[in-house]
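So for the sequence shown, full-length UniProt numbering puts the first residue at 1; every next one is plus one. Positions of the beta carbon are idealized from the N, C-alpha and C atoms, including for glycine. For clarity, every value in this text was computed on a predicted model and none was experimentally measured.
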Amino acid sequence: MGNWVGRCEGQLSAQRYLEKMLHTVRESKDPYEIAIVSYALTLVNSVDGEAAFNALDAKMRETAGLCYWSREPVPPPLIRIENNRPHLMPRLPHRYDASNVETTAYALLTHVKRQAVIQREIVHWLNGQRTTDHGWASTQIPRAYGTVVVKAQGSGVALVQLSVHYNVDWKHLITQPPLPAFDLDVKASYSGRNNSHITIRSCQSWTRQSESRTSGMAVLEVALPTGYIIEQHELHGYVRSRYVRNLREARFREGQIVFFFEHLDISPICVTFTVQRWHPVANMTQYLPVKVYDYYAPERYNETMLDMYNLFVMNICQVCGSYQCPYCPVFSSAPTLYSSLFVLLLIVWTL
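Listed below in structure tokens is the structure:
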């Protein structure tokens, strides 16, 4: 009974505090504060809930018939007209994507709770902010060109999403983040016969000091050359050694290694690991992507390309490097033996 009374008193005190600070929150430039306060006061049926709701609607933005809340306007994806047909261009990252989605979500909850008229427009805007959901699955390598045609029939609401992944060969073609937030420096060194071992060292730091002294949970994704792997138990031991500051988890996935940091700060944090060739593969791409980003604010990121020229120039015979390699005369052929006249004469004389 005492716990229940204490809980009620705590909720009432929190409600009174929010009601008292409503005039301050209303003047904030960041709509996140009024969104979460408005939702909280609506849930408890506060007498100031109507005032908070009106303040929330006053900060609503509208674009292309859709409604949302953000610190600054978010332009909709561009539409390019080709052959008299509209083509929706990809949605580029915005500097406050994570905050915008969370703020608009709280505003939507408030509108639903109050049974307000504007709900559909908010839901459609949130759907437009999706990043990756599902992609195409195929047992064959799909063509890297063509047109996707989607036909729908029936009634109701449907969601169609297409994810496109591609590689680039020049740094200026990488999609730049809306705001610089991380510094990323990656280097690779080679050892072993025919570059069978690659040691990669990646140093990253948080540079957005005007926003906060540290990042949130940071994720480092390092793509690996085809045929190279590192065993998971090595990564577990690397994390448990506490050799790297703030490193909490490391996972080997197909084609990449993912490191999870509790946070990054202004001082660079470096990880060093060695991968080994398990499967001989040649004609590989010269560049591999390396990306660091904030897990809870993925628009805060930095991406670069790791130059793997030493592997790029190797042919299949150099990669295989064994007498078992077919069509590789350097390794699979045996030298011709020539009899020495001196040796023959020596043998005859002995006899």
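In this structure, the straight-line span from the alpha carbon of Ile174 to that of Ala35 is close to 35 angstroms. The alpha helix (DSSP H) runs lying completely inside the segment 4 to 86 and spanning 4 residues or more are 22 to 26, 31 to 43, 49 to 58, given in chain order. The Cβ-Cβ distance between Gln204 and Leu288 does not fall below 8 angstroms. According to DSSP, residue pairing for Asn246 in a beta bridge does not occur. In the three-state reduction of the DSSP assignment, Arg277 falls in the strand class.
Below 8 angstroms, enough C-beta pairs join the segment 307 to 320 and the segment 274 to 288 to call them touching: three or more. Taking 8 angstroms as the cut-off, the Cβ atoms of Ile269 and Val244 count as close.
Here DSSP, grouped into helix, strand and coil, assigns Lys151 to coil.
Our two residues, Ala297 and Tyr96, have alpha carbons roughly 8 angstroms apart in a direct line. Residue environment analysis places Pro75 among the exposed positions, since fewer than 16 neighbouring C-beta atoms fall within 10 angstroms of its C-beta. For Arg300, the closest C-alpha among the options Trp69, Gln119, Lys171, Ala98 is that of Ala98.
A direct Cα-Cα distance of roughly 34 angstroms separates Trp206 from Leu88. Note that the segment 17 to 27 does not touch the segment 63 to 74; fewer than 3 beta-carbon pairs, one per stretch, sit closer than 8 angstroms.
Measuring C-alpha to C-alpha distances from Thr103 to each of Ser202, Pro77, Leu56 identifies Leu56 as the nearest.
Counting of Cβ neighbours within 10 angstroms places Asp294 among the buried residues, the total reaching 16 or more. Judged by DSSP secondary structure, Val290 falls within the beta strand (DSSP E) whose first and last residues are 287 to 294. DSSP, reduced to helix, strand and coil, places Thr110 within a helical segment of the structure shown. DSSP places Thr226 in the coil class of the three-state scheme, outside both helix and strand. Secondary structure of Asp97 (DSSP, three-state): helix. For Glu221, DSSP records a beta bridge to Val258, Lys291.
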